[in-house]
């Protein structure tokens, strides 16, 4: 497709540039100072999210609100969660849930600051059974789908159930610590729909949702992406992005002697949802600032962050959006 032009019109000030789809490069960003002098400008330089993400929003604004994160399925098995840098900087307070006893103890032993962890299984409030699998990342309230998993290297082994524990689920709406939730992160191996059903009140006030989604069922009767998307849209969210999409080779093929290699079959991802950008003018200033903060620090969604700041600036009578663009341009050019 080659080059595509882009234009940003902020308060009557136009910035123009080009985006190279082949290299992922951005050419043509403009600082607020340049625009004040020339009303338009063109610069060049590569677009590098890896570089920009080293500039946290707290380096641009000193009056950021604290973000309330609720993490359902907080097991550290997959490494640090996406919000970790924000929490480490003191910009987020976390309430996490992890029902697997060994993983819950790991969280406690880590003595994580600005975080509280509870050993509850979150869902729709009904009773169930926790299936503890050989691979901790496969432990679920649902039964592993052996027929599906047998088509992918080692998944059937990881999903072998080694213990079963009766376990009731608790609704997020019934947990006082989750009141005022801004970001909901969900990773519960097939139980996402139950979490959302038990969080209608909490979702009504939330700004973003980060949830694992499946395109192929790893568990029996597992709700897939289409069903989760339908529920979240009905709850007032719009899909924003995947981060990222994972695939695996279908048996019997093995690529480069790597059983974890992917090819054509896409299996799961983390999906990010946000309040509709067409409704940003209806949000309160603090909500807009939180959306901008999360979009920038967690997802490098600079366009979404800039739009939220533009609406915030209009409400405040400030130039936050120009300040943000100036700082961002200094990094990207």
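Residue numbers (this note's numbering): 1 to 333.
C-beta atoms are modelled at their ideal positions from N, C-alpha and C, and glycine is treated no differently.
- Message: Could you compute how far the alpha carbon of residue 181 sits from the alpha carbon of residue 197?
- Response: Looking up residue 181 in the chain shown gives position 181. Looking up residue 197 in the chain shown gives position 197. If you take the alpha carbons of residue 181 and residue 197, they lie about 16 Å apart.
- Query: Can you tell me the Cα-Cα spacing of residue 231 and residue 94, whole angstroms?
  - Reply: Numbered from 1 along the chain shown, position 231 holds the residue referred to as residue 231. Numbered from 1 along the chain shown, position 94 holds the residue referred to as residue 94. Spanning the two alpha carbons is a distance of roughly 24 Å.
- Query: How is residue 113 classed by DSSP in three states: helix, strand or coil?
  - Reply: Here the question's residue 113 lines up with position 113 in the chain shown. Looking at residue 113 - three-state DSSP - the assignment turns out to be coil, as it is neither helix nor strand.
- Task: Check residue 138 in the structure and name its three-state DSSP category.
- Result: Taking the chain shown and counting its residues from 1, the one referred to as residue 138 is at position 138. Helix.
- How long is the line joining the alpha carbons of residue 296 and residue 187, rounded to whole angstroms? Along the chain shown, one-based indexing puts residue 296 at 296. Along the chain shown, one-based indexing puts residue 187 at 187. When rounded, the distance between both Cα atoms is 22 Å.
- Residue from 120, 153, 91 with nearest C-alpha to residue 74: Counted from its first residue, the chain shown places residue 74 at position 74. Ranking 120, 153, 91 by Cα distance to residue 74 puts 120 first.
- Query: Which value, in whole angstroms, describes the spacing of the CA atoms of residue 324 and residue 309?
  - Reply: Looking up residue 324 in the chain shown gives position 324. Looking up residue 309 in the chain shown gives position 309. Between residue 324 and residue 309, the C-alpha separation is close to 8 Å.
- Query: Looking at the structure shown, is residue 261 part of a helix, part of a strand, or coil, going by DSSP?
  - Reply: As a first step, residue 261 must be located in the chain shown, where it is residue number 261. In the structure shown, residue 261 sits in coil (DSSP, three-state: anything other than H, G, I, E or B).
- Message: Quick check on this structure: which residue in 123, 127, 147, 154 has the alpha carbon closest to the alpha carbon of residue 137?
- Response: On the chain shown, position 137 is the one that residue 137 refers to. Closest option to residue 137, Cα to Cα, is 154.
- Cβ atoms of residue 220 and residue 145: under 8 Å apart, would you say? Here the question's residue 145 lines up with position 145 in the chain shown. Here the question's residue 220 lines up with position 220 in the chain shown. For residue 145 and residue 220, yes; Cβs fall inside 8 Å.
- From this set, 106, 292, 100, which residue's C-alpha is nearest residue 355's C-alpha? There is simply no residue 355 to check, as the chain begins at 1 and stops at 333 in what is shown.
- For residue 41, does the count of other Cβ atoms within 10 angstroms reach 16, so buried, or fall short, so exposed? Taking the first residue of the chain shown as 1, we reach residue 41 at position 41. Any reading at residue 41 must be qualified, since the residue scores a pLDDT of 26, below 50, and its modelled position is unreliable; the value itself is stated next. When all chains shown are included, residue 41 counts as buried.
- Message: Using a 10 Å radius around the Cβ and a threshold of 16 neighbouring Cβ atoms, would you call residue 96 buried or exposed?
- Response: Walking along the chain shown from the start, residue 96 turns up at place 96. Under this definition residue 96 is a buried residue.
- Message: Tell me whether the segment 103-111 and the segment 81-89 touch, counting them as touching only if at least three CB pairs, one residue from each stretch, are closer than 8 Å.
- Response: no
- Message: Taking the beta strand (DSSP E) that residue 240 belongs to, which residues open and close that run?
- Response: Numbered from its first residue, the chain shown carries residue 240 at position 240. Element bounds for residue 240: 238-247.
- DSSP three-state call for residue 211: helix, strand or coil? Residue numbering aside, residue 211 sits at position 211 when the chain shown is read from its first letter. Reduced to three states, the DSSP call for residue 211 is strand.
- Going by CA-CA distance only, name the one from 58, 264, 299, 185 that's closest to residue 172. Within the chain shown, numbered from 1, the residue matching residue 172 stands at position 172. The shortest C-alpha separation from residue 172 is found at 185.
- Item | From 251, 332, 244, residue whose alpha carbon lies closest to that of residue 268 | To locate residue 268, count along the chain shown from 1; it is residue 268. Minimum Cα distance to residue 268 is reached at 244.
- Task: Assuming residue 237 contacts residue 224 (C-beta within less than 8 Å), just tell me the rounded distance between them.
- Result: Here residue 237 is taken as the residue at index 237 of the chain shown, counted from 1. Here residue 224 is taken as the residue at index 224 of the chain shown, counted from 1. The Cβ separation is near 17 Å, so there is no contact.
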